[in-house]
Structure formats: C-alpha cells, structure tokens
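I have placed the structure first, in the form of structure tokens, so that the comments after it can refer back to it.
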Amino acid sequence: MTTAKTPADEAEARAIQDVLRHRVVLAEPGPPPGRGLVAGVDVAYDDARDLVAAAAVVLDAATLEVVEEATAVGRVSFPYVPGLLAFRELPTVLEALGALTAAPGLVVCDGYGLAHPRGFGLACHLGVVTGLPAIGVAKNPFTFTADEPGPRRGDATALRSADGTEVGRALRTQDGIKPVYVSVGHRVSLENACAHTLALSPRFRIPETTRHADSLCRRALGEAS
DNA sequence: GCGACAG
DNA sequence: ATCTTGTCGC
Numbered sequence: 031m032t033t034a035k036t037p038a039d040e041a042e043a044r045a046i047q048d049v050l051r052h053r054v055v056l057a058e059p060g061p062p063p064g065r066g067l068v069a070g071v072d073v074a075y076d077d078a079r080d081l082v083a084a085a086a087v088v089l090d091a092a093t094l095e096v097v098e099e100a101t102a103v104g105r106v107s108f109p110y111v112p113g114l115l116a117f118r119e120l121p122t123v124l125e126a127l128g129a130l131t132a133a134p135g136l137v138v139c140d141g142y143g144l145a146h147p148r149g150f151g152l153a154c155h156l157g158v159v160t161g162l163p164a165i166g167v168a169k170n171p172f173t174f175t176a177d178e179p180g181p182r183r184g185d186a187t188a189l190r191s192a193d194g195t196e197v198g199r200a201l202r203t204q205d206g207i208k209p210v211y212v213s214v215g216h217r218v219s220l221e222n223a224c225a226h227t228l229a230l231s232p233r234f235r236i237p238e239t240t241r242h243a244d245s246l247c248r249r250a251l252g253e254a255s
C-alpha cells in the first residue's frame, strides 16, 4: 500500500511540490477514452470528529458500470490551504486506491492538476506518486480565468493563469449547464483529458467517476466510528 | 499590505 | 468541504 508523508508546515509542503513537480510526465497522450478501467476518487470531512473518509471507485469506461469500490478512513492530517489540497486529501485517497484489486488506466480527481500556483495540483501529485495517468476535473475556476464556452455539450475555452498560459480548459459537459474545469495531471494530454471527461459525463455535469466516489465517501464517513 | 483562493 | 426538506420539473 502506498503511503504519503505529511509535511510539518506549509513551507515544507511547498518545497515537496517543487521537487515532485519535475516528475510530471506531459508527453504521453494517455489511454483512449471509452475503453478499459477508470477510477474516481473523492473525500469527505467531519471536522468535529477530525475524520476524513476517502473513496476510490473503478468504472468500466465503456459501460460506466461500477467494477469495484474501496474506502479508507483516517484522521485529518493537514489543514485546507489553497494550493496545498493534496496534502490534506492524498494520504487517505492513496490508502483507498491501494485497497483496490483492479488496476485502473486513469484516475479522475476532484480538483486541479497543472492549473495550480506551482503547476502541481492534486491530480499531478496523485499521478506522480502512483505512476498512474491522472486528470483533474474541478467545479470552480480557482484563481484562473476562462471565456464562457459555447452553450453546447463539448464546447470549451482555454483556462488561463494571470500571465496568459493555458493551464486547462473550461468544458461544457451538458447543454446550457455551467462548465467544469479540466486540467492535466500526469501522463495524459489536455485533449484526451477533455475527451475522457465528456465520455464520463453522458448525463450530468460531473463525471460519473466523481459522482460515485462522492456518494461512497460520504457513506463511509457516516458509517465510521 | 490585503484579499482571493481546488476541497 | 459543510450547514440542509421539500419541492419543482422532466
């Protein structure tokens, strides 16, 4: 089972990111959409009890049916700091991923990848640590900006940082519905990341992977003692 | 210097 | 993230 070191403070966390960021692989297109196994991960918190529950759900990319589920529960080990989300979420997420029998060809994260202050968001971190292709699909633009995409499912615009660099894409997954924000994590191209996101969202704004993981980790948190 | 800011 | 039932609509 994979583990993750918890930094002592924010400065150490940023230093870790600055080292690991060099291990991100961007030259691979990643697995083709609509085939193989795709995993979704998410976490839920109970600050009162200091608990965090993570879920990893594996779907058949062709049918979007659930193939396997795993959960893990732990103590909250790092506060929420914008830009350092991975240190709060990954320890428990990696534990859930490690409990899987199936080997997914792609992991979809609830958050960002390259769209990050130091170019090393949650999806990059998870990808580098596990070696698995990973992408980030976020519900908000964070500190980035994007023009409004066209109104139809599949319409997209560039998500840019303040200096104009394209760090991801605002992607409409349903007609007339607010877009999601896709960015590359590890070993997947941006084009392919968007294609995967669309393939995983045939009916709702949020990918089925994330929807399943979200409900599962909430359930696990509720059942935790 | 202050505020904003993925989940 | 989380606080939170019923209700409006397809």
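Under this note's numbering, residue 255 is the last one in the first sequence; the count climbs by one each step, no gaps.
Cβ atoms here follow ideal geometry from the backbone N, Cα and C, with glycine treated the same way.
Predicted model, so just to flag it, every value in this text is computed and none were measured.
Limits of the alpha helix (DSSP H) - the one that residue i falls within
{"i": "E245", "result": "In the sequence under discussion, the amino acid at residue 245 is Ser, which differs from the Glu named in the question. Note, S245: alpha helix (DSSP H), E238 to E253."}
{"i": "R118", "result": "L115 to G128"}
{"i": "V81", "result": "Per the sequence shown, the amino acid found at residue 81 is Leu instead of Val. Per DSSP, L81 belongs to no alpha helix (DSSP H); it is in the beta strand (DSSP E), L81 to D90."}
{"i": "T36", "result": "Looking at the DSSP string, T36 is not in any alpha helix (DSSP H), and its letter there is neither H nor E."}
{"i": "A78", "result": "Element bounds for A78: n/a, residue is neither H nor E."}
{"i": "A225", "result": "L220 to A229"}
Identity of the residue in the options nearest residue i by Cα
{"i": "E99", "options": "L89, T93 and F108", "result": "L89"}
{"i": "A223", "options": "A176, V167 and A188", "result": "V167"}
{"i": "T175", "options": "L201, G161, P181 and P109", "result": "L201"}
{"i": "F234", "options": "A38, L127 and V210", "result": "V210"}
{"i": "V330", "options": "A229, Y75 and S219", "result": "Beyond the ends of the chain as shown, which are 31 and 255, falls residue 330; an answer cannot be given."}
{"i": "A126", "options": "I46, T227 and A74", "result": "A74"}
{"i": "A186", "options": "P62, L156, L228 and A102", "result": "L228"}
{"i": "A247", "options": "G198, T101 and V159", "result": "It is worth fixing the name first, because residue 247 is Cys in this sequence and not Ala. Selected option, being the one with the closest Cα: T101."}
{"i": "A250", "options": "K35, V87 and V49", "result": "V87"}
{"i": "S191", "options": "S255, T173 and A132", "result": "T173"}
{"i": "R165", "options": "D77, P112, S255 and L230", "result": "It should be noted that the sequence gives Ile, not Arg, for residue 165. Per the Cα distances, L230."}
{"i": "G180", "options": "K208, K169 and D193", "result": "K208"}
{"i": "E253", "options": "I46, H226 and V103", "result": "V103"}
{"i": "V311", "options": "K169, R105 and D77", "result": "The structure shown does not extend to residue 311, since the chain spans only 31 to 255, so no value can be given for it."}
{"i": "E221", "options": "K35, P112, A57 and A132", "result": "A57"}
{"i": "I46", "options": "S245, A132 and A116", "result": "A116"}
Endpoints, beta strand (DSSP E) assigned at residue i
{"i": "T187", "result": "A186 to R190"}
{"i": "A102", "result": "V96 to R105"}
{"i": "H216", "result": "V210 to H216"}
Alpha carbon of residue i to alpha carbon of residue j, nearest angstrom
{"i": "E12", "j": "R53", "result": "Given a span of 31 to 255 for the chain in the structure shown, any question on residue 12 remains unanswerable."}
{"i": "L121", "j": "E42", "result": "Checking the displayed sequence, the identity of residue 121 turns out to be Pro instead of Leu. Their Cα atoms are separated by approximately 16 Å."}
{"i": "L136", "j": "G60", "result": "8 Å"}
{"i": "E40", "j": "L114", "result": "8 Å"}
{"i": "R51", "j": "R44", "result": "10 Å"}
{"i": "P109", "j": "R118", "result": "6 Å"}
{"i": "D72", "j": "S107", "result": "16 Å"}
{"i": "E178", "j": "A129", "result": "40 Å"}
{"i": "D205", "j": "A91", "result": "22 Å"}
{"i": "A38", "j": "H146", "result": "21 Å"}
{"i": "V197", "j": "L189", "result": "6 Å"}
{"i": "A243", "j": "G157", "result": "18 Å"}
{"i": "H226", "j": "P63", "result": "5 Å"}
{"i": "D193", "j": "V97", "result": "42 Å"}
{"i": "P232", "j": "H155", "result": "27 Å"}
{"i": "G161", "j": "R183", "result": "31 Å"}
{"i": "P171", "j": "T195", "result": "14 Å"}
{"i": "D76", "j": "V49", "result": "31 Å"}
{"i": "K35", "j": "T203", "result": "35 Å"}
{"i": "V333", "j": "A133", "result": "For the chain, the structure presents residues 31 to 255; residue 333 sits outside this window and is missing."}
Worksheet item: Do the stretch 215 to 222 and the stretch 141 to 155 touch if we need at least three Cβ pairs shorter than 8 Å?
Response: yes
Worksheet item: Is the number of C-beta pairs between the stretch 148 to 158 and the stretch 76 to 84 that are closer than 8 Å three or more?
Response: no
Worksheet item: What are the uninterrupted segments assigned as alpha helix (DSSP H) that are 4 or more residues long and contained completely in the stretch 140 to 203, given in chain order?
Response: 152 to 160
Discussion item. Is it the case that the stretch 233 to 253 contacts the stretch 66 to 76, given that we only count it when at least three CB pairs across the two stretches are under 8 Å?
Written reply: yes
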